[in-house]
Amino acid sequence: MTEFLQAVDHRKILHVDIDAFYAQVEMRDNPKLKTVPLGIGRDPDQHHGHGVIATANYLARKAGVHSAMGSIEAKRACPDLVFVAPDFDKYRQISVQIHAIYHEFTDTIEPVALDEAYLDVTENKMASPTLAAQLRHRIWQETGLTCSVGVSYNKVLAKLGSEHHKPNGVTVIPRELAQDFMLALPIKAFRGVGEKTLEKFQKLGVKDGRDLHAMSLDDLRVYFGSFGDVLYWQARATHFSPVKDRSVRQSVGKESTFEFALHDRQQVEAAFKELAEKVVQNMEKRKLLGRTLTVKIRDDDFHTQTKGITLADTFDLDPAFMTRQAMLIFDDCYPDEFSVRLLGLTFSNIVPQKYEAVTLF
Ligand SMILES: [Mg+2]
1 MTEFLQAVDH
11 RKILHVDIDA
21 FYAQVEMRDN
31 PKLKTVPLGI
41 GRDPDQHHGH
51 GVIATANYLA
61 RKAGVHSAMG
71 SIEAKRACPD
81 LVFVAPDFDK
91 YRQISVQIHA
101 IYHEFTDTIE
111 PVALDEAYLD
121 VTENKMASPT
131 LAAQLRHRIW
141 QETGLTCSVG
151 VSYNKVLAKL
161 GSEHHKPNGV
171 TVIPRELAQD
181 FMLALPIKAF
191 RGVGEKTLEK
201 FQKLGVKDGR
211 DLHAMSLDDL
221 RVYFGSFGDV
231 LYWQARATHF
241 SPVKDRSVRQ
251 SVGKESTFEF
261 ALHDRQQVEA
271 AFKELAEKVV
281 QNMEKRKLLG
291 RTLTVKIRDD
301 DFHTQTKGIT
311 LADTFDLDPA
321 FMTRQAMLIF
331 DDCYPDEFSV
341 RLLGLTFSNI
351 VPQKYEAVTL
361 F
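Quick note: the sequence shown uses the UniProt record's numbering, first residue 1, plus one each step.
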């Protein structure tokens with residue numbers, strides 16, 4: 001166990017969180033919004049009272065507006081609140097831009113939301129606080145956005161670090177300070193502690209990390225089942241979960257080469273359908289969606305053409321639909337005779353189907 005602990009404790013992990021992401025993007029694109037309380041969500045007056053706040057800027061937060069709040073309630077809390085409808089397409093594109101910057105530092109990236117990710121930079125020789133500073137500078141340079149970064153040797157501490165100095169801050173929690181940090185932490189700030197757990201803790205008189213640290217592993221298991229183990233180790237500033245490499249791929253595709261050239265349109269259609277099925281399988285396995293579908297065609301003369309279609313929204317993962325789109329492009333390239341040696345189908349402009357919640361182990 002000691003050896004294992006030493007190994008996991010020598011990791012260098014960053015947790016990056018773009019500050020009030022959607023709100024910050026809208027303020028960047030329309031500076032007038034910087035000086036008003038801003039809620040990203042539908043205006044209830046224009047949508048029959050519907051709408052939910054996705055993100056609020058810091059002025060709105062001061063007035064008591066927070067994310068997941070109904071728009072009406074938000075307006076009640078802050079009558080001057082300015083509503084801007086979310087533009088998820090734009091946010092996804094910026095997220096892709098930010099991921100490209102992450103890749104300058106490491107390939108071990110675990111996104112947890114469009115604006116949040118863990119990076120394992122253990123392999124990088126530079127000191128982690130330096131890396132955090134450089135990363136923040138690069139994101140600012142490329143996108144004009146600020147972020148908060150937590151630096152530590154495990155994911156829980158890195159995340160707590162990024163929450164510690166928000167917005168636009170860096171918090172480094174080294175090994176020698178980690179235990180004290182956890183002892184002083186209010187119990188509700190521990191990862192995975194929701195309302196139900198909090199109630200139990202209140203009944204037990206557990207208010208912070210120090211009280212939690214005093215509980216035995218057996219007692220924690222009795223009260224919380226297997227989550228008791230997670231709590232026990234968290235109180236000891238120990239967390240084993242690796243940064244799960246789920247960085248978003250740039251493209252997912254498949255190609256087929258034919259020994260005998262295809263001359264028949266039906267053969268081409270069948271080949272595209274087979275490729276589409278394989279690509280869909282792959283996309284589903286990786287829980288991804290794509291906005292651009294690119295068709296590659298190589299003929300007998302080794303002449304290669306690639307043409308793509310980009311949709312405003314992502315493609316449905318439907319092989320029949322993809323085949324029809326591919327055939328439209330194909331017919332456009334070869335209205336008459338053809339002799340095809342290779343066909344390919346590729347999705348790019350990739351986004352995750354949905355981000356999974358942070359798991360503790
Ligand atoms: Mg954020």
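Ideal Cβ placement from N, Cα and C applies to all residues, glycine included.
Per DSSP, cross-strand counterpart(s) of residue i
| i | result |
| --- | --- |
| residue 116 | 17, 113 |
| residue 305 | 297 |
| residue 208 | 186 |
| residue 40 | 55, 84 |
| residue 171 | 150 |
| residue 257 | 342 |
| residue 352 | 288 |
| residue 372 | The structure shown does not extend to residue 372, since the chain spans only 1 to 361, so no value can be given for it. |
| residue 251 | 348 |
| residue 262 | 340 |
| residue 192 | In the DSSP output, where bridge partners are listed per residue, residue 192 has none listed. |
| residue 70 | 52 |
Contact belief for residue i with residue j at Cβ below 8 Å, rounded distance in angstroms
| i | j | result |
| --- | --- | --- |
| residue 289 | residue 283 | 7 Å |
| residue 310 | residue 253 | With a Cβ gap of about 15 Å, residue 310 and residue 253 do not count as contacting. |
| residue 22 | residue 111 | With a Cβ gap of about 16 Å, residue 22 and residue 111 do not count as contacting. |
| residue 53 | residue 145 | 19 Å between Cβ atoms; not a contact. |
| residue 251 | residue 348 | 4 Å |
| residue 15 | residue 150 | 4 Å |
| residue 374 | residue 152 | Only positions 1 to 361 of the chain appear in this structure, which leaves residue 374 out of reach. |
| residue 185 | residue 219 | The Cβ separation is near 19 Å, so there is no contact. |
| residue 143 | residue 120 | Rounded, the Cβ-Cβ distance is 22 Å, inconsistent with contact. |
| residue 156 | residue 234 | 6 Å |
Nearest candidate by alpha-carbon position, reference residue i, set the options
| i | options | result |
| --- | --- | --- |
| residue 182 | 126, 210, 101 | 210 |
| residue 229 | 178, 146, 213, 291 | 213 |
| residue 362 | 297, 78, 318, 317 | Past the boundaries of the shown model lies residue 362; the chain is included only from 1 to 361, so the question cannot be answered. |
| residue 317 | 277, 193, 14, 33 | 277 |
| residue 319 | 293, 197, 342, 307 | 293 |
| residue 350 | 337, 295, 287, 305 | 287 |
| residue 224 | 244, 243, 208, 199 | 199 |
| residue 49 | 235, 304, 70 | 70 |
| residue 13 | 172, 134, 262, 218 | 172 |
| residue 344 | 55, 336, 305 | 305 |
| residue 36 | 57, 47, 326 | 57 |
| residue 243 | 109, 332, 261 | 109 |
| residue 259 | 340, 125, 123, 222 | 340 |
| residue 333 | 122, 299, 72 | 299 |
| residue 226 | 246, 204, 197, 245 | 197 |
| residue 437 | 187, 267, 72 | A question about residue 437 goes unanswered here, because the residues of the chain that appear run from 1 up to 361. |
Inspect the CB distances between the segment 90-105 and the segment 21-32 and report whether three or more fall short of 8 Å.
Contact check between the segment 90-105 and the segment 21-32: three or more CB pairs, one atom from each, fall below 8 Å, which counts as touching.
Would you call the segment 94-109 and the segment 53-71 touching, i.e. three or more CB-CB distances under 8 Å?
Verdict: no, contact absent.
Looking at C-beta atoms only, is the number of pairs between the segment 183-193 and the segment 227-241 that lie closer than 8 Å three or more?
Enough Cβ pairs lie closer than 8 Å, so yes.
I'd like to know if the segment 75-83 and the segment 36-46 are in contact, where contact means that at least 3 CB-CB pairs between them fall below 8 Å.
With the cut-off at 8 Å, the segment 75-83 and the segment 36-46 touch.
When you get a sec, list the residues whose CB is within less than 7 Å of any heavy atom of ligand 1, chain order please.
Near ligand 1, meaning a beta-carbon closer than 7 Å to one of its heavy atoms, we find 17, 18, 19, 20, 21, 115, 116.
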